[in-house]
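Student: The numbering used here numbers the first residue of the sequence shown as 5 and each following residue consecutively.
One structure, as structure tokens, below. Some questions next.
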Amino acid sequence: MSQHLFQLAAEGVSKSFDGFKAINDLNFYLEAGELRTVIGPNGAGKTTFLDLITGRTQPDSGKIEFEGKHDLSALSEHEIYRLGIGRKFQTPTVYTDHTVLENLVLSLAGSRSVWRSLFFKLNRSQRERTEEILTTINLTEHRDRKAGTLAHGQKQWLEIGMLLAQEAKLLLVDEPAAGMTDEETARTAELLLSLAGKHTIVVIEHDMVFVRQISKDRKVTVLHQGSVLCEGPVDRVQADPKVIEVYLGRKHVR
Ligand code: ADP
Ligand code: MG
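Set out below in structure tokens:
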């Protein structure tokens, strides 16, 4: 039997907290270059799943394989980071007293001593790389502003830019649209769509307008009680009676 190589393959993964199964025999497969949205009610295990991928917590059973050769459950958070798995938390974690450009420089892959790197002159490829990222995240004209003075949406984009600077292959993005204006949300959707294909992206999100913007005919995964309840194109998922019952029927359906 030929084995398909997924970028990320989680099989039979379970994780309990005090006897409560936050993740329950979860199977999840991701192709390289996919932009996958994961939705599900509060407590479904979405954030815990990201914690398991990034090594913040370890599974009780099952395996999580990256690129068919790295067993993530055996690696430290730092080792996983160095494999090219980057995470954006819901609250932006930028260096507020540093400029936008400095934040990107500090994140550049291979800058060994991050604080020292600020005093280095960037080499040409680093300069080109940071320019390219500034364009991608739409912050070129804000490059010299202190990150702490940016609008909420701009901080989120900067943090996505920092994942790009660290050359993350797999980007894990937890509720990027939370607290954003409609316009910021739409721009975030455009940004993520522009990264799909070049990067593999998992987006956890509640806002179904946003989910529809980034999903189109891509696969959406619904988590419920720590397992996959349903997976498929967003129209099919939104019409699924099981999904409506546990999730969309409550308040999220539009
Ligand atoms: P979601 O992100 O889908 O809202 P979470 O992954 O945050 O869900 O949580 C899933 C369940 O696991 C919740 O019931 C939560 O209380 C529990 N949980 C998550 N992390 C911990 C932890 N570190 N200790 C104890 N319980 C936790
Ligand atoms: Mg969560």
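The C-beta atom is built at its ideal place from N, Cα and C for all residues, glycine as well.
Small disclaimer: the values here were computed from a predicted structure and weren't measured.
To the nearest angstrom, how far is the alpha carbon of S219 from that of V226?
Tutor: If I take the Cα positions, the gap works out to 13 angstroms.
Student: Suppose only complete runs of 3+ residues qualify. What are the beta strand (DSSP E) ranges in the stretch 44-130, listed by chain order?
Tutor: 65-70, 89-92
Student: Taking the alpha-carbon positions, what's the S18 to T58 distance?
Tutor: 15 angstroms
Student: Roughly how many angstroms separate the alpha carbons of V206 and L174, rounded to a whole number?
Tutor: 8 angstroms
Student: Taking 8 angstroms as the cut-off, does the stretch 157-175 touch the stretch 90-103 (at least 3 CB pairs, one atom from each stretch)?
Tutor: yes
Student: Counting along the chain, where does the alpha helix (DSSP H) carrying D188 start and finish?
Tutor: Reading the sequence as shown, one finds Glu at residue 188 and not Asp. Where E188 is concerned, the enclosing alpha helix (DSSP H) stretches over 186-199.
Student: Look up Y251 in the DSSP assignment and say whether it is helix, strand or coil.
Tutor: helix
Student: Return yes when the Cβ of C234 is within less than 9 angstroms of the Cβ of D221, no when it is not.
Tutor: no
Student: Assign L12 to one of three DSSP states: helix, strand, or coil.
Tutor: strand
Student: Is it buried or exposed for E35, if we count other Cβ within 10 angstroms and need 16 for buried?
Tutor: It counts as exposed.
Student: For D64, which of A78, E132, I208 has the nearest alpha-carbon?
Tutor: A78
Student: Comparing alpha-carbon positions, which option in T192, D101, G236 lies nearest Q217?
Tutor: Ranked by Cα distance from Q217, the first of T192, D101, G236 is T192.
Student: Return yes when at least one heavy atom of the ligand ADP lies under 8 angstroms from the C-beta of N31, else no.
Tutor: no
Student: Helix, strand or coil for E132, going by three-state DSSP, please let me know.
Tutor: helix
Student: Give the single residue among G165, L39, P96, A169 whose Cα lies nearest to the Cα of V238.
Tutor: L39
Student: Can you determine whether any heavy atom of the ligand MG sits closer than 8 angstroms to the C-beta of I43, and answer yes or no?
Tutor: Distances from the CB of I43 to the heavy atoms of the ligand MG are all 8 angstroms or more.
Student: Three-state secondary structure (DSSP) at I141?
Tutor: coil
Student: Is DSSP giving H146 helix, strand or coil here?
Tutor: helix
Student: Per DSSP, L34 is paired with what?
Tutor: Answer by DSSP bridge pairing, in chain order: L12.
Student: DSSP three-state call for A26: helix, strand or coil?
Tutor: If DSSP states are grouped into helix, strand and coil, A26 belongs with the strands.
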